[in-house]
Amino acid sequence: MLCCTAPIIAQSVVVSVGDATVDGYSSDIEVPVILTNPNDGVAGIQFDVEVAPGMISLSGADAVGAASGFTADYNSLSDNVYRVLLYNAASNASIAVNADTVIILHFDGSSIVSAQINLLISGLIVSDSSGGSISSTGSDGSITIGQVVSLALTDTTGDVNETVSVTVDMDNGGIVGGVQFDLFDSPDYVTVADITTTDRTSGFTVTTTDIDHGTRVLVYDDTGNNISAGTGPILNLDLTIHSDAYGGDVALFFNEVVVSDDIGGVYWIAGLDTGYVTVFPGYMEEPHNLEATSGLDGMVPLAWDAPYGPVGNDIEVDFEDGAFPEGWTTTTNSAAGWFITQDGSSAFWAIPSHTYYACSN
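Count along the sequence shown starting at 1, add 4, and that's the number in our numbering.
Written out as structure tokens, the structure is:
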């Protein structure tokens, strides 16, 4: 009889940075570092941890559990990266085979009301009592501070020159003192006609400011009232669809969002959902190069060019105002020079006449 036994492959050491969930403005956030060493005693550990984003700082490190009697220390490598050491300065004693928390990392979050922070481990070195390196892997951790906020825009449908309505919905686990965001649409086919509050924001003031291709919206209350924790609409938006809006979906999206609590702390934005205005049937172009054939009995055949469609969204600079954009300089050896026109055709080529062009003879 022939018997075969599969070789037993030793597991490597795993050093895991744990997860922590704390209230906002916590001055001492404790994050465990867990050592799992199923086969080998461990005499020392070194690793780098990056705090991303770097909203909080490492303020301390303690040796605990099976590492009692060891020394835990750290130093700053850069603004957001720290090197952490665990060693035994008194002897060459090792941490016996086990799975246990061996380090507590302390972070200062006293100025943070809300955040989602990743703790990214790298450069891990694990050694035995003779100074030899042990095969090891690291696992990242995270810190969740306070409550987070999500905003979403709803969808609607309409046609050219119609005013349609959408809502701005907010999911907030804590009270909110104010909201600010920039609102954009793509393609640029709608204009904000009016913004009103809802039951959740009754008594609040809403102000708007026109910005480049968008609208900045600010929601606040001078008397110190707050938006209670919860979910649902906080604003009603009336949008007018432009007379030249082609059929299709217009994306409505947020940018530069700031949501604060009752004392001015800024919440972490966990999600921003885009809304859509579906334009249907949309702008219908007039016939281009319409021609009628006469002289036929009982009928007049018509022929025209197909619609050109909208100017592409990838066009960042245009001449639709009938002039060169501010800051442009033109030069040519033509007697006519550069000029803006809707008819750039010549005997050699035809150019659609549905938009403005820069031309030179």
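Every residue, glycine too, gets a C-beta built ideally from N, C-alpha and C.
Where does the unbroken beta strand (DSSP E) through H110 begin, and where does it stop?
First-last of the beta strand (DSSP E) with H110: 102 to 112.
Compute the Euclidean distance between the alpha carbons of D112 and N43, then round it to the nearest angstrom.
So the alpha carbons of these two residues sit roughly 35 Å apart.
Between D189 and V262, what straight-line distance do the alpha-carbon atoms span, to the nearest angstrom?
Roughly 19 Å separates the two Cα atoms.
Going by Cα to Cα distance, which pick from I238, L62, G182, G45 is closest to T171?
With distances taken between Cα atoms, T171 lies closest to I238.
Would you mind sorting W308 into buried or exposed? The rule is 16 or more other CB atoms within 10 Å of its CB.
That one is exposed.
Give the secondary structure of T205 by DSSP, where H, G and I count as helix, E and B as strand, and everything else as coil.
Helix at T205.
Are there 16 or more other CB atoms within 10 angstroms of the CB of F74, so buried, or fewer, so exposed?
Buried, by the Cβ-count rule.
In this structure, how does DSSP classify G48 when only helix, strand and coil are distinguished?
Here G48 sits in strand by DSSP.
Who are M288's beta bridge partners in DSSP?
None, per the DSSP bridge assignment.
Keeping to the same chain, check which residues put their C-beta closer than 8 Å to that of D23; ignore five residues upstream and five downstream.
So the list reads V35, G145, S146, I147, T148, once near-sequence residues are dropped.
In terms of residues, what are the limits of the beta strand (DSSP E) holding V153?
That run of the beta strand (DSSP E) goes 152 to 157.
Taking S364 and G341 to be in contact with their CB atoms under 8 Å, please state how far apart those CB atoms are, rounded to whole angstroms.
Right, their Cβ atoms sit about 7 Å apart.
Rounded to whole angstroms, what's the CA-CA distance from S115 to S143? Just pull it up for me.
Near 27 Å, if we compare the C-alpha coordinates of S143 and S115.
Excluding the 5 residues preceding and the 5 following N96 in the sequence, name in chain order all residues of the same chain whose CB lies nearer than 7 Å to its CB.
Answer for N96: A47, S133, listed in chain order.
Determine the burial state of V101: buried for a count of at least 16 other Cβ atoms within 10 Å of its Cβ, exposed for fewer.
Exposed, because fewer than 16 other Cβ atoms sit within 10 Å of the Cβ of V101.
Fully enclosed by the region 44 to 93, which beta strand (DSSP E) runs are 3 residues long or longer?
Runs found: 48 to 56, 61 to 67, 75 to 80, 85 to 91.
According to the neighbour-count rule (16 or more other Cβ atoms, all chains shown, within 10 Å of its Cβ), is F284 buried or exposed?
So F284 counts as exposed.
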